[in-house]
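Position in the sequence shown (first residue = 1) + 850 = the working numbering.
Only one structure is covered here, and it is reproduced in the block below.
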Amino acid sequence: MKLLKLAIFASGTGSNFQAIFHAIRNYKLNAQIQVVISNNPDAGALAFARQHNLPAQHLCRTQFDSGEKFDAAVLECLVAHEVNFIALAGYMKKIRPKIIQAFRHRILNIHPALLPAFGGKSLYGHFVHEAVLAHGCKVSGVTVHLVDEEYDCGPIVLQSAVPVLENDTPASLAARVLKVEHQSFYRALQYFAEERVEIVGRQVKIRLPAY
Ligand code: GRF
851 MKLLKLAIFA
861 SGTGSNFQAI
871 FHAIRNYKLN
881 AQIQVVISNN
891 PDAGALAFAR
901 QHNLPAQHLC
911 RTQFDSGEKF
921 DAAVLECLVA
931 HEVNFIALAG
941 YMKKIRPKII
951 QAFRHRILNI
961 HPALLPAFGG
971 KSLYGHFVHE
981 AVLAHGCKVS
991 GVTVHLVDEE
1001 YDCGPIVLQS
1011 AVPVLENDTP
1021 ASLAARVLKV
1031 EHQSFYRALQ
1041 YFAEERVEIV
1051 GRQVKIRLPA
1061 Y
């Protein structure tokens, strides 16, 4: 078993971050949160981190003269906090190539639909659920995937289906999906903590637990 030393990247409320935090507290996830990073100084995720005495840092591209300086600051922060794995918990910015290269196959994102449908640059937040309903889908869901250089495109680690109901609104569907997100992210992270993950091209194989 490996201890995941996590950096959480989050832009908003951070309910997925909170679910990870509670999974760690309840011994469901063998990890510790080293630092929380947000592009948004008012993110609920930063406030929650500070309330719980976790290192919290506001870092965004506009604070720096160049992308290179931003990359260097992010990497410096990750190294200083001895991070070995990154969880994107509602992070609305694209992860820059330098960070992806430094943490290849060690960055997970959660998306509130069944990728590769309803993903990509403009499909985030309520737009995802609006698009699912507009298409008349009977099923939506949650995808936890590795992060590569394209939006919502890296190899899939875990998916869970969520029914779409006939009277759903984007908000009601989002709420049903979010509940499943909170059960999904820590489970996918725990696969990595248990060193059960084998990545072969786009295929992510999860070995059976060793007991
Ligand atoms: C979640 O729906 C997640 O799938 C998406 O952004 C949302 C973040 O919600 N990437 P929260 O900030 O974790 O509550």
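Glycine included, every Cβ here is placed at the ideal spot set by N, Cα and C.
Cβ neighbours of residue i in the same chain (closer than 7 Å, five flanking residues each side left out)
i            : result
residue 1057 : 1046, 1048
residue 990  : 963, 964, 982, 1012, 1014, 1023, 1027
residue 917  : 911, 946
residue 1018 : 983
residue 974  : 942
Selected residue, minimal CA-CA separation from residue i, among the options
i            : options                : result
residue 1020 : 909, 985, 1043         : 985
residue 965  : 914, 912, 978          : 978
residue 873  : 1055, 1033, 1050, 1041 : 1033
residue 923  : 967, 909, 935, 1053    : 909
residue 999  : 901, 987, 951, 1008    : 951
residue 988  : 1016, 876, 863, 897    : 1016
residue 863  : 954, 875, 897, 1060    : 897
Identified DSSP bridge partners for residue i
i            : result
residue 859  : 887, 938
residue 869  : Looking at the DSSP assignment, residue 869 forms no beta bridge with any residue, so it has no partner.
residue 990  : 1012
residue 1048 : 1055
residue 928  : In DSSP, residue 928 forms no bridge with anything.
residue 854  : 881
Nearest-angstrom Cβ-Cβ length linking residue i and residue j, presumed shorter than 8 Å
i            : j           : result
residue 1035 : residue 895 : Not confirmed; about 13 Å, so no contact.
residue 931  : residue 947 : That belief does not hold up - the Cβ atoms of residue 931 and residue 947 are roughly 21 Å apart, past 8 Å.
residue 915  : residue 949 : Contact doesn't hold; Cβ gap of about 18 Å is too wide.
residue 934  : residue 854 : 7 Å
residue 927  : residue 907 : 6 Å
Check: residue i C-beta below 6 Å from any heavy atom of the ligand ZN
i           : result
residue 865 : This structure does not include the ligand ZN; its bound ligands are the ligand GRF.
Contacts around residue i, its chain only, beta-carbon distance under 6 Å, and the 5 residues preceding and following it disregarded
i            : result
residue 852  : 1043, 1045
residue 997  : 945, 957, 959, 1004
residue 1030 : 992, 1010, 1012
residue 967  : none
Exposed unless 16 or more other CB atoms sit within 10 angstroms - verdict on residue i
i            : result
residue 972  : exposed
residue 888  : buried
residue 976  : exposed
residue 868  : buried
residue 1025 : exposed
residue 1051 : exposed
residue 866  : buried
residue 886  : buried
residue 899  : buried
Cut-off 8 Å between Cβ atoms - residues of its own chain near residue i, not counting five sequence neighbours on either side
i            : result
residue 861  : 888, 889, 890, 893, 895, 940, 941, 942, 943
residue 870  : 856, 858, 879, 881, 883, 937, 939, 1035, 1036, 1039
residue 1001 : 944, 969, 970, 971
residue 1007 : 958, 994, 995, 996, 1038, 1041, 1047, 1054, 1056
residue 925  : 948, 949, 952
residue 955  : 996, 1049
residue 980  : 1020
Residue i at chain C interface by Cβ criterion, 7 Å
i           : result
residue 862 : The structure shown contains no chain C; it is built from a single protein chain.
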